[in-house]
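Residue numbers (our numbering): 22 to 423.
Beta carbons: idealized from backbone N, C-alpha and C, even for Gly.
Since this is a predicted model, take the numbers as computed values, not measurements.
The block underneath contains the structure these notes are about, expressed in structure tokens.
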Amino acid sequence: MSEQLERTILVAGTGPAGLAAALALAAAGREVVLAGPPPALEDRRTTALMHPSVRFLEELGLAEALRAHAAPLSTMRIVDATTRLIRSPAVTFRAAEIGEEAFGFNIPNAALNRALAERARAEPGIRWHECMVEHWQLDAASVTAKLADATTVRALLAVAADGRNSPAREAAGIATRTRPLPQSALVLNFGHTRHHGFTSTEFHTEHGPCTQVPLPGGFRSSLVWVMQPADAETLKTLDETALSERLERQLQSILGRVAVEPGCQVYPLSTALPARFAARRIALVGEAAHVFPPITAQGLNLGLRDVAELARIVHAHGQDPGAPAALERYDARRRPDITARSRVVNLFNASLLTSLLPAQLARSAGLGLLDSMPLLRGFFMREGMRPGSGLAALLPPFDRRS
Ligand SMILES: Cc1cc2nc3c(=O)[nH]c(=O)nc-3n(C[C@H](O)[C@H](O)[C@H](O)COP(=O)(O)OP(=O)(O)OC[C@H]3O[C@@H](n4cnc5c(N)ncnc54)[C@H](O)[C@@H]3O)c2cc1C
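In structure tokens, the structure reads:
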């Protein structure tokens, strides 16, 4: 076994999860070979990052980029905009209620990807091949990848950060339950005449949530509007004036007059949950490990927790971070968080889509309890930011585990 093989980790995929994984593993002293195309700067989405994710990215050297491009999220509101018989009360979550100035920050994906890529290019421990992995070969002792630029990389561990259809996951033979959803997300940015007050509002409709998230400056926001795929395609063809009017109606004019910016995009939605999160010297992170609809801003926050845990496992298994014991530990450590988040988000989405009375009653009762019980609201706010912290805050101080 060569010295090179022992130190090298291959990261496949250059979305935010892959770039963050490359940076975290290089920071842990590993030689990282990163394979994937230049970052997607045409992505019009924004990502709401909760505080623990923000702190993690700051540790990776992104503090300046976050300060320059992100808006704080100090209040989050859920409004029932359905026309159903049973409707839920509006629920408002204020970060101040749990002693925080903000839950986190909302940052445009293009700015986040650009900043991560710049850091990766400047990091001497990362060798970036801007091309795809074309072929995987796995055996008990190592993983070998053939890249499109004709390079062959051999490593003890490969990180699959290659997205929802993950070829690396397939090569590892990990069975995955995938399901297309009858929903697409229309994504755009827009200006408005009223200050957003650093508040995000999620309007729940019969076809999914329509979520406005603040951008820096007070008078711009981003939008993720989940609806039936045909409706998303129709709205995408509207001119900006017609789309602005339609959006203003949907937002009940809470932000005054609305002017959508050019370049709206449509993302078809699906779910995916692999049976394992690591096998045969390949560890899954980001959307290779979990896909669910964009509700309550969980996806990349979960992906960054995958990366942070993987970096800890690599540190603890310095000799062979791809050994079965290391991968089993990674799988066991990530399973509760990933499966719980996936279930809750999918259940919440399903409760919006169904017209069954019991489901509507349960959703309405749940939101009603959240609205009226500050303790429960505090629990959910903390859990939304960091798993386990809601429960920890309910325990007496000497019992708390951070
Ligand atoms: C509309 C919408 C809004 C969202 N909003 C939020 C939010 O507010 N907060 C939040 O936390 N999450 C949010 N998410 C989820 C978040 O966007 C995803 O979790 C995140 O983008 C996934 O990043 P990733 O790096 O895992 O995957 P991707 O960004 O898909 O990256 C995968 C990368 O792998 C590369 N690749 C593929 N095959 C290969 C190969 N063979 N070799 C090398 N590279 C390969 C691709 O080119 C790509 O660069 C949202 C999602 C959607 C759809």
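DSSP state of residue i mapped onto helix, strand, coil
| i | result |
| --- | --- |
| Pro58 | coil |
| Thr255 | helix |
| Leu323 | helix |
| Pro110 | coil |
| Ala193 | coil |
| His90 | helix |
| Val365 | helix |
| Glu404 | helix |
| Glu282 | coil |
| Phe126 | strand |
| Gly218 | coil |
| Arg28 | helix |
| Asp101 | strand |
| Pro314 | coil |
| Gln158 | strand |
| Gln271 | helix |
| Arg422 | Because the pLDDT at Arg422 is just 45, under 50, the model does not fix this residue reliably, and the value given afterwards should be weighed accordingly. In the structure shown, Arg422 sits in coil (DSSP, three-state: anything other than H, G, I, E or B). |
| Arg65 | coil |
| Asn134 | helix |
| Thr172 | coil |
Any non-hydrogen atom of ligand 1 closer than 7 angstroms to residue i Cβ
| i | result |
| --- | --- |
| Leu321 | yes |
| Ala131 | no |
| Asp183 | yes |
| Ala123 | no |
| Arg241 | no |
| Glu308 | yes |
| Val154 | yes |
| Gly57 | yes |
| Thr35 | yes |
| Arg426 | With the chain covering only 22 through 423, there is no way to say anything about residue 426. |
| Tyr288 | yes |
| Gly284 | no |
| Pro73 | no |
| Pro188 | yes |
| Gly229 | no |
| Pro201 | no |
| Gly39 | yes |
| Val366 | no |
| Val335 | no |
| Pro315 | yes |
| Gly343 | no |
| Ala91 | no |
| Ala138 | no |
Euclidean distance between Cα positions of residue i and residue j
| i | j | result |
| --- | --- | --- |
| Gln381 | Phe114 | 21 angstroms |
| Pro37 | Asn134 | 6 angstroms |
| Gly194 | Thr173 | 21 angstroms |
| His129 | Ala92 | Checking the displayed sequence, the identity of residue 129 turns out to be Pro instead of His. Approximately 10 angstroms between the Cα atoms of the pair. |
| Asp260 | Cys285 | 11 angstroms |
| Leu31 | Val366 | 31 angstroms |
| Arg350 | Leu391 | 35 angstroms |
| Leu46 | Val53 | 7 angstroms |
| Ser372 | Glu227 | 9 angstroms |
| Gly324 | Pro250 | 26 angstroms |
| Phe369 | Thr317 | 10 angstroms |
| Thr262 | Val281 | 8 angstroms |
| Asn322 | Arg278 | 32 angstroms |
| Leu137 | Gly218 | 28 angstroms |
| Arg355 | Ser221 | 29 angstroms |
| Glu254 | Val287 | 7 angstroms |
| Ser243 | Ala116 | 20 angstroms |
| Pro60 | Asp183 | 12 angstroms |
| His150 | Val328 | 20 angstroms |
| Leu236 | Asn127 | 7 angstroms |
| Ala69 | Ala161 | 39 angstroms |
| Pro283 | Leu209 | 8 angstroms |
| Ser187 | Ile303 | 11 angstroms |
| Ile215 | Gly238 | Just to set this straight, residue 215 is Arg in the shown sequence, not Ile. About 11 angstroms. |
Where residue i falls, given that 16 or more other Cβ within 10 Å makes a residue buried
| i | result |
| --- | --- |
| Ser95 | buried |
| Pro230 | buried |
| Glu308 | buried |
| Ala196 | exposed |
| Asp9 | Outside the displayed span of the chain (22 to 423) sits residue 9, for which this structure offers no information. |
| Ala33 | buried |
| Ala89 | exposed |
| Pro314 | buried |
| Asp352 | buried |
| Leu331 | buried |
| Glu63 | exposed |
| Gly39 | buried |
| Gly409 | exposed |
Bridge partners - residue i, DSSP secondary structure assignment
| i | result |
| --- | --- |
| Arg148 | Val54 |
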